[in-house]
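Notes follow the structure.
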Amino acid sequence: MAQIKLYNTLSRTIEPFNSLTPGRVGMYVCGPTVYGPPHLGHVRGPIVFDVFRRLLMDQGFQVRFVRNITDVGHLVGDADEGEDKLQKQARLEQIEPMEVAQTYTDSYNWVMDAMNVMRPSIEPKASGHIIEQIEMIESIIHAGLAYESNGSVYFDVTAYEKEHNYGKLSGRVLDELIAGAGNASRELEGQSEKKSAHDFALWKRASPEHIMQWSSPWGKGFPGWHIECSAMSAKYLGSEFDIHGGGMDLLFPHHECEIAQSTAAHKHEPARYWMHHNMITINGQKMAKSLNNGIKVSELFEGNHPLLTRGFGPNTLRFFVLQAHYRSTLDFSQEALEASEKGLKRLLEAFKKIDGVVPESESTFNTKEIVQNIENALIDDLNTPIAIAQLFELAKYINMASDKKAKLTLSDIDEIRSAVARYFGGIMGLNAQDRSDDNGAMNEVMDILIQLRSEAKQEKNYALSDAIRNRLKDKGIELMDSKEGTTWKIN
RNA sequence: GGUCGGAUGGCCGAGCGGCUAGGCACAGGUCUGCAAAACCUCUUACACCGGUUCGAAUCCGGUUCCGACCUCCA
Numbered sequence: 024m025a026q027i028k029l030y031n032t033l034s035r036t037i038e039p040f041n042s043l044t045p046g047r048v049g050m051y052v053c054g055p056t057v058y059g060p061p062h063l064g065h066v067r068g069p070i071v072f073d074v075f076r077r078l079l080m081d082q083g084f085q086v087r088f089v090r091n092i093t094d095v096g097h098l099v100g101d102a103d104e105g106e107d108k109l110q111k112q113a114r115l116e117q118i119e120p121m122e123v124a125q126t127y128t129d130s131y132n133w134v135m136d137a138m139n140v141m142r143p144s145i146e147p148k149a150s151g152h153i154i155e156q157i158e159m160i161e162s163i164i165h166a167g168l169a170y171e172s173n174g175s176v177y178f179d180v181t182a183y184e185k186e187h188n189y190g191k192l193s194g195r196v197l198d199e200l201i202a203g204a205g206n207a208s209r210e211l212e213g214q215s216e217k218k219s220a221h222d223f224a225l226w227k228r229a230s231p232e233h234i235m236q237w238s239s240p241w242g243k244g245f246p247g248w249h250i251e252c253s254a255m256s257a258k259y260l261g262s263e264f265d266i267h268g269g270g271m272d273l274l275f276p277h278h279e280c281e282i283a284q285s286t287a288a289h290k291h292e293p294a295r296y297w298m299h300h301n302m303i304t305i306n307g308q309k310m311a312k313s314l315n316n317g318i319k320v321s322e323l324f325e326g327n328h329p330l331l332t333r334g335f336g337p338n339t340l341r342f343f344v345l346q347a348h349y350r351s352t353l354d355f356s357q358e359a360l361e362a363s364e365k366g367l368k369r370l371l372e373a374f375k376k377i378d379g380v381v382p383e384s385e386s387t388f389n390t391k392e393i394v395q396n397i398e399n400a401l402i403d404d405l406n407t408p409i410a411i412a413q414l415f416e417l418a419k420y421i422n423m424a425s426d427k428k429a430k431l432t433l434s435d436i437d438e439i440r441s442a443v444a445r446y447f448g449g450i451m452g453l454n455a456q457d458r459s460d461d462n463g464a465m466n467e468v469m470d471i472l473i474q475l476r477s478e479a480k481q482e483k484n485y486a487l488s489d490a491i492r493n494r495l496k497d498k499g500i501e502l503m504d505s506k507e508g509t510t511w512k513i514n
């Protein structure tokens, strides 16, 4: 077992990773708030943490991987006021909030499956852990670090700050938080209930029309956003566990609040390592629902978006994500996706040729060194781009040997074959026999057929044009004419 | 306004004191009936200005841009 190194946001340095219990790792990752279809931004974290999980497993750890589903507590709009996100969506769609949650949990998991992201060991829902959250709030109150106000409960940041450091994860200083706020809106409604503007809600009193509400010692209400992760991680991983992951945008306030809550309730911090991945950007800006620049995953798969002329498959998307280091921003564009797709194809083509390589008595290359480089890169703070570069090196060896321009011994061939299985397929979770990403070729084929048919139509050869349409329809592909041209879909 | 981070060749992206990744694109070549694929070549790009050093894309100081967070976000 090699020594894994990991950047810990808490220390802002790369540290050797050692688990609390030898051979076992507990990992908690913040999952989605299920009030809308998954977009590209939802995709990076799960892939990154999936690869890290697989790395840990590869290194012999037994991993309990918990990723939550937030189906209550996330509010629309500013600060602690506003409508629950799920409730709002339910109102818009005229269905039950839990129906909204179920719909988007399903679509999220469908995307995860498509991208070959392993399902979590446990996938707890916030709404299923109201009791645990209430209990945790009670212990925070008991510790004197939270107070009730008008049926709501708030975390007392000022009191907490006396013995602890609120801001240790995000590097924030409380005084600056108060002074800062270039946004005046946080001084608006609901603030009067709080002792201090930066106190955050643990429990919110529900107004009568609020559908999602539960009984509590403080009356009818619902939990605040941050408390769910603290309560659920403690329940399934213990009050102290190894790794907590999430996006950098959750660093503050979400993760900072988690540390404060857990420390208040358990007298020690929850996680030893905090792992944060960076954002996917588009034209240099974060992709976010609120910025209205998001691309839905389904739009990416289908190519159904103004920025895309065609679709890209899940294996390509996964490869695209892994070609950048997880702590760097990754800029999205069709051009970048195309580059990834072609690179991936090159790798796949080469790997297919392994079995055809005739072994020689000596090798031109130092295969062992390259393979070792892959592992070294992965255990060094999950440097997937370096690992992929080394895979390309291996692909080159295969191609050259296949062309009789270089030699590989039998043991080197075996070495490459097992490296592909272990690193490319196993840890990075990429599909080596990929058939799903043929959309590009399919699109081109369809373009040709559509073109031929349109020529036939212009020559008034309707027998031929109809034959094309009908025979495609028999195969489940439907052509649709409009004045903008002909589009197609697979039924 | 505060805090933190970033600026790398046409594009995407590693590297973070000397050995100058990788992919894609472009161009030339080998191979080939023609293509395609594959292979080879495409011989140093690191925002700007100073400094430290035998040596800096990498360290320090300054400048200019850009971004994230400070409000829900993956």
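The numbers in the first sequence follow the numbering used here, run straight up by one, and end at 514. C-beta: ideal position from N, C-alpha, C; glycine also.
Here I303 carries a strand assignment [DSSP, helix/strand/coil]. The C-alpha of K483 is placed about 55 Å away from the C-alpha of D73. Between the beta-carbon of I92 and that of G54 there is about 5 Å, and that keeps the pair under the 8 Å contact cut.
Proximity to T339 across E263, A418, A362 and I491 peaks at A362, based on C-alpha coordinates. Your pair G167 and R228 does not check out as a contact, with CB atoms roughly 21 Å apart and the cut at 8 Å.
Under the three-state reduction of DSSP, P337 is assigned to helix.
Under the three-state reduction of DSSP output, Y30 falls in the strand class. V394 sits away from E251, with the two beta carbons spaced by 9 Å or more. Apart from the 5 residues on each side of it in sequence, E416 sits with its Cβ closer than 6 Å to the Cβ of I393 in its chain, given in chain order.
Q110 and V71 have their C-alpha atoms spaced approximately 30 Å apart. Taken atom to atom, the span from the alpha-carbon of Y170 to that of E184 is near 15 Å. By the beta-carbon neighbour count (other beta carbons within 10 angstroms, threshold 16), D378 is exposed. When secondary structure is reduced to three states using DSSP, M503 falls in the strand class. Less than 9 Å divides the Cβ of S253 from the Cβ of A288. Taken in chain order, the unbroken stretches of alpha helix (DSSP H) that lie wholly in the stretch 142–176 and span 4 residues or more are 153–165. Boundaries of the beta strand (DSSP E) around L225: A224 to R228. Our two residues, S356 and D504, have alpha carbons roughly 29 Å apart in a direct line. F264 and Y131 have their C-alpha atoms spaced approximately 26 Å apart.
By the criterion of a C-beta distance shorter than 7 Å, I436 is surrounded in its chain by I377, V380 and P382, once the five residues flanking it on both sides are discounted.
Per DSSP, the continuous beta strand (DSSP E) segment holding L353 begins and ends at L353 to F355. For D265, the enclosing beta strand (DSSP E) stretches over residues F264 to G270.
For N301, the CB contacts under 6 Å within the same chain, skipping 5 residues up- and downstream, are M271, R350, S351 and T352 in chain order. Judged by DSSP in its simplified three-state form, W241 adopts coil rather than helix or strand. The alpha-carbon separation between T36 and I397 amounts to approximately 22 Å.
DSSP places Y127 outside any beta strand (DSSP E); the residue lies instead in the alpha helix (DSSP H), whose first and last residues are P120 to A137. In the assembly as shown, S256 is a buried residue. Its beta-carbon has 16 or more other beta-carbons within 10 Å. Under DSSP, P246 forms a beta bridge with W226. If you look at M50, you'll find it in the beta strand (DSSP E) that goes R47 to V52. Residues C53 of the same chain have their beta carbon placed closer than 7 Å to that of L273, with the five preceding and five following residues left out of the count. CA-CA distance, K243 to A283, rounds to 25 Å.
At a Cβ-Cβ threshold of 9 Å, A149 and P246 count as neighbours. Between G268 and W248, the gap from beta carbon to beta carbon reaches 9 Å or more.
Boundaries of the alpha helix (DSSP H) around P69: G64 to D81. DSSP places Y296 within a strand segment (E or B) once states are collapsed to three. When DSSP states are grouped into helix, strand and coil, R476 belongs to the helix group.
Note on geometry: alpha-carbon atoms of D136 and V66 lie some 11 Å from one another.
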